[in-house]
């Protein structure tokens, strides 16, 4: 009988331990469920926030779409109208604004998309103007031509025309005259020469037809002769041999014929 009682007590103890384990498992499941529920609530909150933000974005999109239909605010509408007017007109107007801290400019890109040139507003003391700039060999923009309000014109940094001059064309002529005179110096004179060919007055010959430069000279008998003339001769330079010459006159004698030549400067003659 005593043994039976002890066995029953053991069984009861095991049942108590089993019940405790079941209770522990139930508590673990409940705690995990609580954590899962909390996380689900967080997810629900995020979803709700996202839905709210999506509604806000949709509302803003609707407002933008409505603004296209109903029109923008007056200032923005005026800016857009000004831009549209300039893009559809024959002229583009840029207004300078000192508050921006830089000058108005139009910039041009080359085929590679790099900056290739510009037209910009420039200042010379109290005088304003426009500058046309292009790219140099190193790739930097360089001012090539500048037009100022006082009518001065600068080319490559040098004043080419001064607006204070009475006539711009007089100034151009004044600056070019020395250049032209230098090009003509010694080229309009008439020179005497012995030719390898026979020619008439008015003919144009090549410099290669000139045998030598010679001036008529008399011998002791008073005749223009070859021997007397050859004492005053000059060889034809390679430069003169490449030029063209017009026969302006000739000196005929019994012994020699000399031609008077003038350089042909206008190659259209």
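Numbering (the numbering used here), first residue to last: 3 to 271.
A virtual CB, placed ideally from N, CA and C, is assigned to each residue, including glycine.
As the structure is a prediction and not an experimental result, all values here were calculated from the model.
Under the three-state DSSP convention, the category residue i falls into
i, result
"residue 120", "strand"
"residue 260", "strand"
"residue 245", "coil"
"residue 71", "Residue placement at residue 71 cannot be trusted, given a pLDDT of 42 that sits under 50; what the coordinates show is reported in the next sentence. Residue state, collapsed to three classes: helix."
"residue 205", "coil"
"residue 77", "helix"
"residue 165", "coil"
"residue 157", "strand"
"residue 190", "coil"
"residue 271", "With a pLDDT of 43 at residue 271, under the threshold of 50, the modelled position of this residue cannot be trusted; read the value that follows with caution. The answer is coil: DSSP assigns residue 271 none of H, G, I, E or B."
"residue 181", "helix"
"residue 176", "helix"
"residue 255", "coil"
Where the beta strand (DSSP E) containing residue i begins and where it ends
i, result
"residue 147", "143-150"
"residue 131", "129-137"
"residue 213", "212-216"
Residue of the options minimising C-alpha distance to residue i
i, options, result
"residue 267", "253, 261, 254 and 244", "244"
"residue 215", "198, 123, 204 and 202", "198"
"residue 217", "145, 186 and 261", "261"
"residue 134", "123, 140 and 127", "123"
"residue 189", "219, 263, 162 and 226", "263"
"residue 248", "142, 240, 193 and 258", "193"
"residue 114", "205, 200, 251 and 141", "141"
"residue 130", "153, 136, 112 and 109", "153"
"residue 255", "185, 219, 132 and 164", "219"
"residue 230", "257, 213, 149 and 209", "257"
"residue 144", "151, 159, 150 and 173", "159"
"residue 203", "251, 185 and 224", "251"
"residue 232", "213, 161, 201 and 186", "213"
"residue 136", "210, 235 and 109", "109"
"residue 117", "138, 259 and 149", "138"
"residue 253", "205, 162 and 195", "195"
"residue 225", "208, 259, 185 and 235", "259"
"residue 210", "182, 242 and 106", "242"
"residue 246", "206, 150 and 237", "206"
Residue i: first and last residue of the uninterrupted alpha helix (DSSP H) it sits in
i, result
"residue 229", "228-231"
For residue i, the residue or residues it bridges with in DSSP
i, result
"residue 111", "117"
"residue 195", "215 and 261"
"residue 220", "226"
"residue 250", "Residue 250 pairs with nothing; no bridge assigned."
"residue 235", "216"
"residue 125", "130"
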